[in-house]
Amino acid sequence: MNLFVYGSLMFDVVWQRIARTSNPTLPATAHGWSVRSLQGVSYPGLIPAPHDSLAQGLLRTNVSPAALARLDAFEGHDYLRQLITVTMPDRSPSSAWAWIVSPAAMHLVLPDPWDADLFARDS
Numbered sequence: 025m026n027l028f029v030y031g032s033l034m035f036d037v038v039w040q041r042i043a044r045t046s047n048p049t050l051p052a053t054a055h056g057w058s059v060r061s062l063q064g065v066s067y068p069g070l071i072p073a074p075h076d077s078l079a080q081g082l083l084r085t086n087v088s089p090a091a092l093a094r095l096d097a098f099e100g101h102d103y104l105r106q107l108i109t110v111t112m113p114d115r116s117p118s119s120a121w122a123w124i125v126s127p128a129a130m131h132l133v134l135p136d137p138w139d140a141d142l143f144a145r146d147s
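When we follow our numbering, the leftmost residue of the sequence shown carries the number 25, and every step to the right adds one.
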């Protein structure tokens, strides 16, 4: 299974702690999505946005069912796993699962984009 990750799971130390595995990664982008800061936490959420919006992230490939179960538990009830289309570096489309902010948690979304560099410095 392929997963599009855009926040803390882009960082290998976080990925390996949760997934307990290494997976091949490729840079990927998702058109029509935005990575936004969330109220009171250091990690982001992915929300629908105008088509010209672009979410930067990684495609983690060949994720096992066991790792997926651990990742689903980590993401919790504020996120839903949804199949989206991402664009690869060669501009080809690919399907990937991503955790998006659930409708019940949309009140946590802030207007600010999430800052991966700030997360890396503060973590």
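Heads up, the beta-carbon is just placed ideally off N, CA and C, and yes, glycines get one too.
8 angstroms Cβ cutoff, residue i in contact with chain E
{"i": "residue 121", "result": "Chain labels in this structure do not include chain E; a single protein chain is all it has."}
Simplified DSSP state of residue i, which is helix, strand or coil
{"i": "residue 73", "result": "coil"}
{"i": "residue 80", "result": "strand"}
{"i": "residue 29", "result": "strand"}
{"i": "residue 48", "result": "coil"}
Residue from the options with nearest C-alpha to residue i
{"i": "residue 89", "options": "147, 31, 30, 47", "result": "47"}
{"i": "residue 28", "options": "69, 61, 76", "result": "69"}
{"i": "residue 45", "options": "144, 53, 80, 95", "result": "95"}
{"i": "residue 35", "options": "25, 26, 84", "result": "84"}
{"i": "residue 56", "options": "146, 110, 67, 97", "result": "110"}
{"i": "residue 41", "options": "91, 112, 107", "result": "91"}
Start-to-end residues for the beta strand (DSSP E) that takes in residue i
{"i": "residue 60", "result": "57-62"}
Where the alpha helix (DSSP H) containing residue i begins and where it ends
{"i": "residue 38", "result": "36-43"}
{"i": "residue 146", "result": "140-146"}
Residue i versus residue j - alpha carbon distance
{"i": "residue 31", "j": "residue 131", "result": "19 angstroms"}
{"i": "residue 87", "j": "residue 25", "result": "5 angstroms"}
Alpha helix (DSSP H) runs wholly inside the region 83-137, at least 4 long, in chain order:
Those alpha helix (DSSP H) runs which fall completely within the region 83-137 and span 4+ residues are 89-99.
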